[in-house]
Structure formats: C-alpha cells, structure tokens
Amino acid sequence: MKIVEFATNRRVTVVMLMSTLVVFGLISFKRLPLNLLPDISYPTLTVRTKYLGAAPSEIENLLSKPIENAVSVVSNVVRVSSRSRPDVSEVVVEFLWKTNMDFASMDIREKLDIVDLPDGAERPILLRFDPALDPIMRISLYGDDDLITLRILAEEELKPSLEGLSVEGGVMGSQAISGVAAVEISGGLEEEIHVELEEARLASLGIPISKVIRRLAEENINLTAGNINEGEIEYIVRTFNEFQKVEDIRGIIVDLKNRIPIKVSDIGTVRKSHRERKVITRVNGRESVEIAIHKEADANTVTVARLVKERLKVLEKRLSKYSKSIHLEIIFDQSRFIERSIREVIFTALWGGCLAIIILLMFLKNVKSTLIISLTIPLSVTATFFCMFLSGVSLNVMSLGGLALGVGMLVDNAIVVLESIDRYHRKGYSEIHSANRGASEVGGAVIASTLTTVCVFIPIIFVKGIAGQLFNDQALTVAFSLTISLLVAITLIPMLSSIKMRKNWGIKSKETETLDSPIPKPSKILYLSLYPSTVYCV
Numbered sequence: 217m218k219i220v221e222f223a224t225n226r227r228v229t230v231v232m233l234m235s236t237l238v239v240f241g242l243i244s245f246k247r248l249p250l251n252l253l254p255d256i257s258y259p260t261l262t263v264r265t266k267y268l269g270a271a272p273s274e275i276e277n278l279l280s281k282p283i284e285n286a287v288s289v290v291s292n293v294v295r296v297s298s299r300s301r302p303d304v305s306e307v308v309v310e311f312l313w314k315t316n317m318d319f320a321s322m323d324i325r326e327k328l329d330i331v332d333l334p335d336g337a338e339r340p341i342l343l344r345f346d347p348a349l350d351p352i353m354r355i356s357l358y359g360d361d362d363l364i365t366l367r368i369l370a371e372e373e374l375k376p377s378l379e380g381l382s383v384e385g386g387v388m389g390s391q392a393i394s395g396v397a398a399v400e401i402s403g404g405l406e407e408e409i410h411v412e413l414e415e416a417r418l419a420s421l422g423i424p425i426s427k428v429i430r431r432l433a434e435e436n437i438n439l440t441a442g443n444i445n446e447g448e449i450e451y452i453v454r455t456f457n458e459f460q461k462v463e464d465i466r467g468i469i470v471d472l473k474n475r476i477p478i479k480v481s482d483i484g485t486v487r488k489s490h491r492e493r494k495v496i497t498r499v500n501g502r503e504s505v506e507i508a509i510h511k512e513a514d515a516n517t518v519t520v521a522r523l524v525k526e527r528l529k530v531l532e533k534r535l536s537k538y539s540k541s542i543h544l545e546i547i548f549d550q551s552r553f554i555e556r557s558i559r560e561v562i563f564t565a566l567w568g569g570c571l572a573i574i575i576l577l578m579f580l581k582n583v584k585s586t587l588i589i590s591l592t593i594p595l596s597v598t599a600t601f602f603c604m605f606l607s608g609v610s611l612n613v614m615s616l617g618g619l620a621l622g623v624g625m626l627v628d629n630a631i632v633v634l635e636s637i638d639r640y641h642r643k644g645y646s647e648i649h650s651a652n653r654g655a656s657e658v659g660g661a662v663i664a665s666t667l668t669t670v671c672v673f674i675p676i677i678f679v680k681g682i683a684g685q686l687f688n689d690q691a692l693t694v695a696f697s698l699t700i701s702l703l704v705a706i707t708l709i710p711m712l713s714s715i716k717m718r719k720n721w722g723i724k725s726k727e728t729e730t731l732d733s734p735i736p737k738p739s740k741i742l743y744l745s746l747y748p749s750t751v752y753c754v
C-alpha cells in the first residue's frame with residue numbers, strides 16, 4: 217500500500233502529523249463542554265393563556281379552539297392537543313423530531329398575534345420544555361432575621377452580585393460570572409403594600425372601588441416625556457412619580473366631596489405586608505430563601521459551578537457584616553453528579569487500557585511490540601477529542617462511555633498489523649521491508665474490518681426520538697476513535713516498526729519457537745481438530 221510506504225519513508229512527516237492530532241486533541245479537550253447528559257431537545261411547545269373568571273367551556277370555545285386552529289397550520293406540526301381548565305387554556309403543539317424549535321417558536325408567535333382573543337384574556341405565553349433550562353445549583357439563604365429581610369437581601373444584594381450587575385449604593389457589585397444566564401429567587405416573604413378599604417366608608421361617600429384603583433395607578437407612574445435639544449446637547453425627559461414610601465400612598469387624593477379632598481387614609485388603612493405565599497422552602501426544618509442558578513446553553517456546567525462557589529465564599533464574608541446568623545448553603549449542585557459520573561467513566565477506561573496493555577505484554581512477550589501497540593490507545597483517544605469538538609459532541613456520560621467501549625477495540629488493528637510485520641521480520645527481512653510488506657498485506661483486511669465495525673454504530677445517528685439524542689454522542693465517539701485507530705495502524709505502527717532497536721527488548725522464554733519445535737498442549741488440540749474424521753463435543 218502506498219500509504220504504508222509513505223509512512224516508512226517519511227517518518228518525520230508521520231510524527232508531525234500525529235503530534236498535530238495530539239496537540240489539537242488536548243486543546244479541544246479543554247474547550248469541550250462538560251455536561252451530565254447530551255443535549256436533549258423535546259419538539260414540543262405549550263401555549264398557555266389565562267382568562268380569569270372563565271369556566272372550562274368558555275375557555276375551550278373562546279381560547280383553546282381558536283389557538284388550535286391558528287397553530288395547526290405551522291409546518292412540521294404532528295399533533296395539537298389542548299386542556300381547558302378554569303381560568304387557564306393550555307394548547308400543546310408537537311413537532312417532528314429534528315425540527316428547529318427556534319424557528320418553530322417564531323412561527324407560533326406569528327400565528328398567535330393574529331388570533332382574536334376576548335377582552336380580559338391575558339397575552340398567550342409560549343412555554344418550551346428543555347432539561348438544559350433547569351438550574352445547575354440551588355442555594356439556600358437562612359438565618360435568624362425575618363423572612364422579608366432575607367428576601368430583600370437576596371433580591372437586592374445576592375442576585376445582582378451573582379449576575380454581575382452593580383448594586384447601587386451597595387458593596388456587592390462585581391464582574392459577571394462567565395456562563396451564568398439568570399438567577400431566580402423563590403421562598404421567603406416578598407414585601408408588598410396592602411391598601412385595605414372600608415366598604416361602609418366608601419358607600420357613605422359614594423366612591424366606587426374602581427376609582428380608587430384608577431387613582432393609585434395614575435399616581436404611581438414612571439414615563440418618558442421625550443427629548444429636549446439645546447444646541448449640541450440632547451436631554452432625555454422622564455417623569456419619576458413612583459411611590460417611595462407608605463406615606464405617599466396615604467396622601468393620594470381620591471375624590472373631592474363638598475370641596476373637601478378625600479385621601480386614601482380617610483377611606484382605609486395602608487400597611488406593609490407580604491404577598492400571598494405560593495412557595496415555601498425549608499433547610500433543616502427552618503424556612504429559607506432559595507436562589508437558583510441557571511447557566512447559558514453552551515456553558516460548561518462544572519466551570520460555572522466552580523466560579524459560583526468562589527463568588528459565594530466572598531458573599532458569605534460580606535453577609536456576616538449584616539448579621540452573624542445569616543448563612544449560605546448549597547443544597548443542590550449538578551456539577552457534583554457530573555464530576556462523579558465522569559470520574560467513574562474515566563477510571564473505568566484507564567483500568568481497561570492498563571489491563572489491555574498487561575494482557576498484550578503477556579501474550580506478545582515483547583516490550584517493543586507492546587509499547588508500539590500501547591501508544592495507539594492514548595493517541596487515538598486524544599485525537600478523538602478533536603473530532604468531538606468539530607462535530608459539537610460534549611463530554612458527557614454517553615460520549616465518555618463510547619470512549620471506554622472503544623478502548624478495548626482500539627488495539628485490534630494495531631495487533632493485526634504488528635503481528636504481520638513481526639512474521640516477515642522472523643523470516644529474515646529487514647525492518648523497513650518487513651514493515652512495508654507486513655502492513656500492506658493485511659491493510660485491506662484491517663480497513664474492511666474497521667469500516668464494518670463503524671457501520672454498526674453509524675445508523676444510531678439516524679435514530680429519532682430520545683434514544684437517538686442519547687446514543688448519538690456515543691455512536692459518533694466510537695466511530696471517531698476506531699477511524700483514528702485505523703489511521704494509526706497503517707501509518708504510525710509501520711513507521712515505528714521500521715525503526716531498528718536493541719534485540720534484548722523481548723522477554724526471554726525458555727526456548728525459541730520454530731516450525732520444528734514441539735507443539736504445545738493447547739495447540740495440539742487445535743492441530744488435531746483440523747482432521748475431518750475426528751468429532752469433538754463441547
């Protein structure tokens with residue numbers, strides 16, 4: 217084969233080629249995203265619309281059916297179903313697998329814009345289920361302070377600091393954490409101002425509740441008033457009239473009766489309170505505030521979690537200035553599961569590679585041959601990382617499982633090629649001549665064998681559904697590693713075998729085997745089985 221002759225005659229070129237693959241592989245390994253599982257995208261969208269006070273039958277006729285008719289004409293739609301409940305309509309749109317959900321979402325929004333919804337219905341919300349949108353970390357904030365204070369501290373201090381936003385007048389503003397997309401706060405008590413009106417007082421003054429609501433909305437505004445140009449300077453005019461304290465609400469004039477202003481404080485009471493609680497979080501039996509960290513889609517989960525932990529150490533020191541009893545505790549960390557799973561897979565792969573090398577040394581009884589074959593394992597694995605980076609495959613349990621699966625298969629081609637080379641060398645041929653003839657003789661068989669194995673895994677790439685998305689990375693990883701091992705077997709193995717080394721690298725045996733040597737006992741059984749007249753039962 218010409219490629220074998222090229223490898224033995226151009227040793228420096230082969231070394232440079234393999235070194236390039238190793239360097240690119242190491243660089244790609246550092247840049248590969250590290251996740252627990254491959255990216256799984258469900259081709260499903262849910263349109264949720266609220267219409268307060270409506271019965272299920274009204275929801276179905278006024279919301280669900282019009283939305284179903286509008287979204288059913290979108291391309292690649294497989295099935296449209298709906299669920300009508302009191303106050304809420306949910307329309308589920310299922311698409312074909314491999315559908316670009318970003319474009320599908322845009323098409324759905326365009327169709328929803330032309331749907332004629334009844335007055336009082338809220339704007340439809342488009343929901344998309346994606347496991348990657350789940351938080352990678354959940355942090356609990358708890359202490360002896362009241363829950364309102366903890367909630368304010370989480371929203372005004374911790375959240376801006378973790379998102380990298382500056383805290384006006386605070387001390388926790390800092391640079392953004394690379395990879396953090398959003399920080400979500402839940403639990404605790406969310407502060408709210410309650411205006412409790414006296415119904416009897418309103419009735420005696422003839423003031424409807426709707427007028428009180430309208431007056432509160434009119435006084436609590438923050439609007440832009442345009443721009444003013446003065447020479448080369450342009451001023452932005454805005455009206456700042458939002459409520460700053462409880463007294464501002466109490467002093468709002470609702471109406472005039474006999475030229476006497478009626479204020480909010482005259483018809484009710486205004487007090488600080490909290491919103492109705494929908495989520496309660498507890499840590500060790502104590503109520504707390506939960507902080508959920510969401511990462512960007514292409515960010516490395518382990519790296520983001522490590523950066524968040526470093527920021528939390530700084531924040532916990534600063535929180536101690538507010539109160540010694542306030543603590544931050546990580547209650548969920550997805551990176552721990554990822555690191556543990558990846559560590560176990562890597563450990564298994566390394567053990568498999570070491571056992572393969574030991575077995576090779578036991579059977580080949582030649583250190584040079586064992587070293588040559590053993591070199592194919594790390595080289596093929598490292599070069600596989602480069603192929604994974606180019607194809608967008610991340611480091612996850614499935615892809616690393618594919619590497620572990622392929623470790624034992626990587627040495628097959630090298631063993632076949634090296635055994636053929638060694639056979640010619642024992643016949644008395646020179647190192648270069650043995651490498652050329654031996655590798656060329658079995659080159660076609662090795663290529664056919666490798667392609668046959670690769671063809672077994674390639675169809676998995678075209679499997680649809682969740683199974684296809686889960687095993688796609690594993691199939692690609694096995695195919696990449698076997699293809700690279702083939703390239704190594706027909707280039708690097710002949711090149712290294714053509715190098716003359718010391719003769720004492722072999723493990724000495726009691727006697728040298730020749731064609732006239734006595735046949736060992738295990739081989740006698742194989743020798744006798746060649747006779748057709750003999751029948752063996754196993």
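Residue numbers are given in the working numbering: position 225 of the sequence shown equals residue 441, and the series is strictly consecutive.
We put the CB at the ideal spot given by N, CA and C, even for glycine.
Requested in this report: Would you tell me roughly how many angstroms separate the C-alpha atoms of S394 and H543, rounded to the nearest one?
Outcome: Spanning the two alpha carbons is a distance of roughly 24 Å.
Report task. Since I believe N443 is in contact with V453 (beta carbons under 8 Å), could you give me their beta-carbon distance rounded to a whole number of angstroms? Result -> Yes, they are in contact, since the Cβ atoms of V453 and N443 sit about 7 Å apart, within 8 Å.
Report task. Kindly indicate which three-state DSSP category I281 falls into: helix, strand or coil? Result -> In the sequence as presented, Ile is not what sits at residue 281; that position holds Lys. In the three-state reduction of the DSSP assignment, K281 falls in the helix class, which pools H, G and I.
Query raised in the report: Does the Cβ of Y267 have 16 or more other Cβ atoms within 10 Å, making it buried, or fewer, making it exposed?
Result: Within 10 angstroms of the beta-carbon of Y267 lie 16 or more other beta-carbons, which makes it buried.
Query raised in the report: With C-beta atoms as the reference, is V495 less than 8 Å away from R431?
Result: No, the pair does not count as a contact, with Cβ atoms beyond the cut-off.
Query raised in the report: Residue range of the alpha helix (DSSP H) that E379 falls in?
Result: Run containing E379: 375-379, per the alpha helix (DSSP H) assignment.
Requested in this report: Would you give the residue range spanned by the alpha helix (DSSP H) that E503 belongs to?
Outcome: No alpha helix (DSSP H) holds E503; the beta strand (DSSP E) holding it covers 502-511.
Report task. Tell me, to the nearest whole angstrom, how far the beta carbon of T517 is from that of I554; I am working on the premise that it is less than 8 Å. Result -> Right, the Cβ-Cβ distance comes to about 6 Å (below 8 Å), so this counts as a contact.
Requested in this report: Assign N688 to one of three DSSP states: helix, strand, or coil.
Outcome: Here N688 sits in helix by DSSP.
Requested in this report: Please state whether DSSP places F548 in a helix, a strand or coil.
Outcome: Note: F548 maps to strand in three-state DSSP.
Query raised in the report: So the beta strand (DSSP E) L439 belongs to, where does it begin and stop?
Result: L439 -> beta strand (DSSP E) spans 437-446.
Report task. Evaluate C172 with the Cβ neighbour count: other Cβ atoms within 10 Å of its Cβ, from every protein chain shown; 16 or more gives buried, anything less gives exposed. Result -> Summary: the structure shown does not reach residue 172, with the chain confined to residues 217 through 754, and so no result is reported for it.
Query - Status (buried if at least 16 other CB within 10 Å, exposed otherwise) for Y640 - result: Result: buried.
Requested in this report: State the DSSP-derived secondary structure class of P477, mapped to helix, strand or coil.
Outcome: In this structure, P477 counts as strand in the three-state DSSP scheme.
Query - Contiguous alpha helix (DSSP H) assignments of at least 4 residues, all confined to the segment 298-335 - result: Runs of the alpha helix (DSSP H) lying entirely within the segment 298-335, each at least 4 residues long, are 317-329 in chain order.
Query raised in the report: Would you call Q460 buried or exposed, if buried means 16 or more other Cβ atoms sit within 10 Å of its Cβ?
Result: Its Cβ having fewer than 16 others within 10 Å, Q460 is exposed.
Report task. Could you give the DSSP three-state label for L250: helix, strand or coil? Result -> Note: L250 maps to strand in three-state DSSP.
Query - At least 3 beta-carbon pairs within less than 8 Å: the segment 257-266 vs the segment 301-313 - result: In this structure the segment 257-266 lies against the segment 301-313, because at least three pairs of beta carbons, one per stretch, are closer than 8 Å.
Report task. With a threshold of 16 other CB atoms inside 10 Å of the CB of V239, please say whether the residue is buried or exposed. Result -> Classification of V239: exposed, given that the 10 Å Cβ count is below 16.
Query raised in the report: So is the beta-carbon of V307 under 7 Å away from any non-hydrogen atom of the ligand NAP?
Result: Judged by which ligands are present, the structure shown has none, so any question about the ligand NAP falls away.
Requested in this report: Could you pull out every residue in the same chain whose Cβ sits closer than 8 Å to the Cβ of P710, ignoring the five residues on either side in sequence?
Outcome: Cβ within range, chain order: V220, A223, T224, V633, I637, A651, N652, G654, A655.
Query raised in the report: To which residues of the same chain is R522 closer than 8 Å at the C-beta, ignoring the five residues directly before and after it?
Result: Here R522 has S551 as same chain residues with Cβ atoms under 8 Å from its own Cβ, once five neighbours each way along the sequence are excluded.
Report task. Count the other CB atoms, across all protein chains shown, that sit within 10 Å of the CB of T269; report buried if there are 16 or more and exposed otherwise. Result -> Reading off the sequence shown, one finds Gly at residue 269, where the question assumed Thr. Exposed.
Report task. Identify the continuous beta strand (DSSP E) that holds E400 and give its terminal residues. Result -> 396-403 is the extent of the beta strand (DSSP E) around E400.
Query raised in the report: When you compare each of K581, L621, V613 to I593 by their alpha carbons, which one comes out closest?
Result: Looking at K581, L621, V613, the one whose alpha-carbon comes closest to that of I593 is L621.
Report task. State the beta-bridge partners of D471 as determined by DSSP. Result -> The beta-bridge partner set that DSSP reports for D471 consists of I478.
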